[in-house]
Amino acid sequence: MNFEEGSPPGPAHVTRSTLAAALATAVSLALLALVAVPLRDSVYRAVAGTIGPSPLAPLAAVVAEKGPLVLVATFAVLAVRTWQRDRRAFGTLVAGGAGAVVAYLTSEAVKLVITEPRPCRASNVTTVLECPAIGDWSWPSNHSVIAASLATACILAVPRIFWFAAPVAVLLGFSRLMVGVHYAHDVLSGFALGVLIVTTAIVVLRPVVDRVFTVPREPERVP
105 MNFEEGSPPG
115 PAHVTRSTLA
125 AALATAVSLA
135 LLALVAVPLR
145 DSVYRAVAGT
155 IGPSPLAPLA
165 AVVAEKGPLV
175 LVATFAVLAV
185 RTWQRDRRAF
195 GTLVAGGAGA
205 VVAYLTSEAV
215 KLVITEPRPC
225 RASNVTTVLE
235 CPAIGDWSWP
245 SNHSVIAASL
255 ATACILAVPR
265 IFWFAAPVAV
275 LLGFSRLMVG
285 VHYAHDVLSG
295 FALGVLIVTT
305 AIVVLRPVVD
315 RVFTVPREPE
325 RVP
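Under this note's numbering, the first residue of the sequence shown carries the number 105, and numbering increases by one thereafter.
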């Protein structure tokens, strides 16, 4: 796959500058997660403790539990449209989807190593959702990993969807803090993991996917 400098002429192209921006986003999110660690209890009490007894609680619960379906549906719609209209964008989406699976499995593996207890078990805050069972660990947030992974795959395949997919992913991730089942650094770490793995997967897998779907190579540009 050719990664071109500058702005892409169409949604199928993934430029070096776009990839650099995605990786910079992952690093920034990881740094924010580190900053959030010492503030985790105060931020948790401020957010979850405010949402729990408020009229916003039912809405937060719906977003936290059903919200990921919005990005799943977005991914599916883009898959159909790009298959019909733009096989290069479809290839990016397929590679990103594979990366999303890897990101989720990585998140599950990390949970088993870190074994951070859920904040709802370490606090007396009234939460919107029931606290997950003991052994269902907190760091990182799987929902945040999934949201960031799907959003990244969609954005790198069809950049113009950024203004929809990115805010939705952020809302879905932080809804897990609002309903009381995650710390802020769980969410931010999940975002970072999802963006990093999906971006890497697209770089590694796009050439393979292009060959599978027989996407013709573009002619070399004459300087």
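All residues carry an ideal CB built from backbone N, CA and C; glycine is no exception.
For clarity, every value in this text was computed on a predicted model and none was experimentally measured.
Spatial distance of residue i from residue j (CA atoms)
| i | j | result |
| --- | --- | --- |
| residue 208 | residue 199 | 15 Å |
| residue 281 | residue 194 | 33 Å |
| residue 191 | residue 220 | 42 Å |
| residue 222 | residue 158 | 22 Å |
| residue 206 | residue 139 | 26 Å |
| residue 250 | residue 298 | 7 Å |
| residue 230 | residue 141 | 21 Å |
| residue 244 | residue 197 | 24 Å |
| residue 165 | residue 285 | 11 Å |
| residue 241 | residue 315 | 40 Å |
| residue 184 | residue 257 | 14 Å |
| residue 253 | residue 152 | 25 Å |
| residue 149 | residue 126 | 31 Å |
| residue 313 | residue 136 | 34 Å |
| residue 114 | residue 301 | Per-residue confidence for residue 114 stands at a pLDDT of 37, beneath the threshold of 50, marking its modelled position as unreliable; the derived number appears in the next sentence. Whole-angstrom Cα-Cα distance: 24 Å. |
| residue 128 | residue 303 | 11 Å |
| residue 214 | residue 292 | 15 Å |
| residue 310 | residue 181 | 20 Å |
| residue 267 | residue 273 | 11 Å |
| residue 378 | residue 124 | Past the boundaries of the shown model lies residue 378; the chain is included only from 105 to 327, so the question cannot be answered. |
| residue 232 | residue 218 | 25 Å |
| residue 204 | residue 277 | 15 Å |
| residue 216 | residue 187 | 37 Å |
| residue 264 | residue 234 | 37 Å |
| residue 271 | residue 120 | 23 Å |
| residue 317 | residue 131 | 32 Å |
Integer-rounded CB distance, given that residue j should sit under 8 Å from residue i
| i | j | result |
| --- | --- | --- |
| residue 162 | residue 247 | That belief does not hold up - the Cβ atoms of residue 162 and residue 247 are roughly 18 Å apart, past 8 Å. |
| residue 147 | residue 260 | Contact flag wrong, Cβ pair sits at about 30 Å. |
| residue 178 | residue 269 | 6 Å |
Identity of the residue in the options nearest residue i by Cα
| i | options | result |
| --- | --- | --- |
| residue 175 | 275, 309 and 315 | 275 |
| residue 283 | 132, 123 and 167 | 167 |
| residue 122 | 294, 137 and 306 | 306 |
| residue 133 | 295, 235 and 237 | 295 |
| residue 155 | 311, 120 and 279 | 279 |
| residue 227 | 145, 120 and 130 | 145 |
| residue 169 | 236, 188 and 186 | 236 |
| residue 189 | 233, 262 and 124 | 262 |
| residue 225 | 216, 287 and 187 | 287 |
| residue 239 | 233, 202, 212 and 265 | 212 |
| residue 201 | 143, 255 and 233 | 255 |
| residue 289 | 234, 265, 143 and 264 | 143 |
Which runs of the beta strand (DSSP E) spanning at least 3 residues fall entirely within the stretch 193–253, listed in chain order?
none
Start-end ranges of the beta strand (DSSP E) lying completely within the stretch 259–284, minimum 3 residues:
none
Which runs of the alpha helix (DSSP H), 4 residues or longer, sit entirely within the stretch 142–166?
144–155
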